[in-house]
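Right, one structure below, let's go through it.
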Amino acid sequence: MTRGKFITLEGGEGVGKTTNLEFIRDYLQRRGIRFFVTREPGGTPIGEAIRRLVIDSQGMSARTELLLMFAARAQHIEEVIEPALAKGIWIVCDRFTDASYAYQGGGRGIDNAVIRFLQEWLQKGLEPDLTLLFDAPVEVGLQRAKGRGQLDRFETELPAFFSRVRETYCDLARQWPHRIKLLDATQPLEDVQAEIARHLDSLRQT
Ligand code: TMP
Numbered sequence: 232m233t234r235g236k237f238i239t240l241e242g243g244e245g246v247g248k249t250t251n252l253e254f255i256r257d258y259l260q261r262r263g264i265r266f267f268v269t270r271e272p273g274g275t276p277i278g279e280a281i282r283r284l285v286i287d288s289q290g291m292s293a294r295t296e297l298l299l300m301f302a303a304r305a306q307h308i309e310e311v312i313e314p315a316l317a318k319g320i321w322i323v324c325d326r327f328t329d330a331s332y333a334y335q336g337g338g339r340g341i342d343n344a345v346i347r348f349l350q351e352w353l354q355k356g357l358e359p360d361l362t363l364l365f366d367a368p369v370e371v372g373l374q375r376a377k378g379r380g381q382l383d384r385f386e387t388e389l390p391a392f393f394s395r396v397r398e399t400y401c402d403l404a405r406q407w408p409h410r411i412k413l414l415d416a417t418q419p420l421e422d423v424q425a426e427i428a429r430h431l432d433s434l435r436q437t
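Following the working numbering, the numbering of the sequence shown begins with 232 at its first residue and continues without gaps.
Put into C-alpha cells, the structure is as follows:
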C-alpha cells in the first residue's frame, strides 16, 4: 500500500487559504485521488474543543497557547493523520506545525528550540510532503480578514505581530525550499491556482 501524501496550507490572516482549498479539493477529486481535508487547531472532537478554547479565551499565556496547539496536534496525528496516510489516503491540512513557529515563535517570541522539541517528540519524523505558503503584505491580509466580519483573538493582534508571523513563514520557506512553496497571494487567482496545480502535479509524480 502506497502511503498517502500529506499537504499543508499556511499563511497569515486573509491570504486566501479557504478559496484555494476548494481548488485543491477539486483538483484531487478530478484525478480520483482519495483524500481528506482537515484543519489545525482542530480536526478531531478533542481538537475542535481545544480550538474553541484557544481562539476565544481572554488572557491566555503564550506558553499555554503553544501547548494547546500541540495538544490538539497530538490528537490529530494519532486519530486522523497517521491512520489516513497509512491507508493511502491523502491529507490536506489547513495549517500545521509551521504555524506554531510563525505565530507562537515569531509572533509571541517563544524560543524555536522549545517548539522543535515538541515537534520532534510528537511527530517522530512525520512532516508534510508539500506545504503551500500563501504570502501577502500584512495590510492586504488584515483588510480581507476584516471584510469577513467578526475578528477572533488572533485577528485582533497588532500589525507588528503579523509582520513577525510573515517574516517567520518566509524564513521557514528559505530553510525548507523543497517542502515549502511560497505563493504570491496578491497575484490574480488563476495564476496562484496554476502554480498550485504545478506543485500538485510534481507531488503526484513522487
Ligand atoms: P485559521 O485562521 O487558519 O482558522 O487558524 C486559526 C488561528 O490559529 C490562526 O490565527 C493561526 C492560529 N494558529 C497558531 O497560532 N498556531 C498553530 O500552531 C496553529 C495550527 C494555528
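C-beta atoms are modelled at their ideal positions from N, C-alpha and C, and glycine is treated no differently.
How long is the line joining the alpha carbons of residue i and residue j, rounded to whole angstroms?
| i | j | result |
| --- | --- | --- |
| residue 325 | residue 365 | 11 Å |
| residue 420 | residue 427 | 10 Å |
| residue 304 | residue 276 | 12 Å |
| residue 234 | residue 335 | 31 Å |
| residue 390 | residue 232 | 46 Å |
| residue 317 | residue 401 | 31 Å |
| residue 237 | residue 370 | 30 Å |
| residue 266 | residue 260 | 8 Å |
| residue 185 | residue 270 | This structure gives no information on residue 185, because the portion of the chain shown stretches from 232 to 437. |
| residue 393 | residue 338 | 7 Å |
| residue 254 | residue 298 | 32 Å |
| residue 373 | residue 357 | 32 Å |
| residue 350 | residue 306 | 13 Å |
| residue 262 | residue 249 | 20 Å |
| residue 311 | residue 330 | 19 Å |
| residue 240 | residue 322 | 11 Å |
| residue 296 | residue 379 | 24 Å |
| residue 403 | residue 284 | 27 Å |
| residue 327 | residue 272 | 8 Å |
| residue 256 | residue 282 | 23 Å |
| residue 354 | residue 387 | 30 Å |
| residue 301 | residue 268 | 19 Å |
| residue 258 | residue 432 | 10 Å |
| residue 314 | residue 274 | 13 Å |
Less than 8 Å between the CB atoms is what I'm expecting for residue i and residue j, so what's the real figure, rounded?
| i | j | result |
| --- | --- | --- |
| residue 410 | residue 361 | 7 Å |
| residue 435 | residue 243 | About 28 Å separates the two Cβ atoms, so there is no contact after all. |
| residue 320 | residue 332 | About 26 Å; that fails the 8 Å criterion. |
| residue 416 | residue 367 | 4 Å |
May I ask you to report which of helix, strand or coil DSSP gives residue i?
| i | result |
| --- | --- |
| residue 275 | coil |
| residue 413 | strand |
| residue 245 | coil |
| residue 329 | helix |
| residue 295 | helix |
| residue 387 | coil |
| residue 281 | helix |
| residue 250 | helix |
| residue 257 | helix |
| residue 361 | strand |
| residue 366 | strand |
| residue 339 | coil |
| residue 433 | helix |
| residue 300 | helix |
| residue 378 | helix |
| residue 356 | coil |
| residue 408 | coil |
| residue 419 | coil |
| residue 372 | helix |
| residue 262 | coil |
Tell me, please, which residues DSSP counts as bridged to residue i.
| i | result |
| --- | --- |
| residue 267 | 322 |
| residue 393 | BP columns for residue 393 are empty, so no partner. |
| residue 237 | 322 |
Worksheet item: Which residues are close to ligand 1, meaning CB closer than 5 Å to any heavy atom, in chain order?
Response: 271, 300, 326, 330, 331, 334, 385
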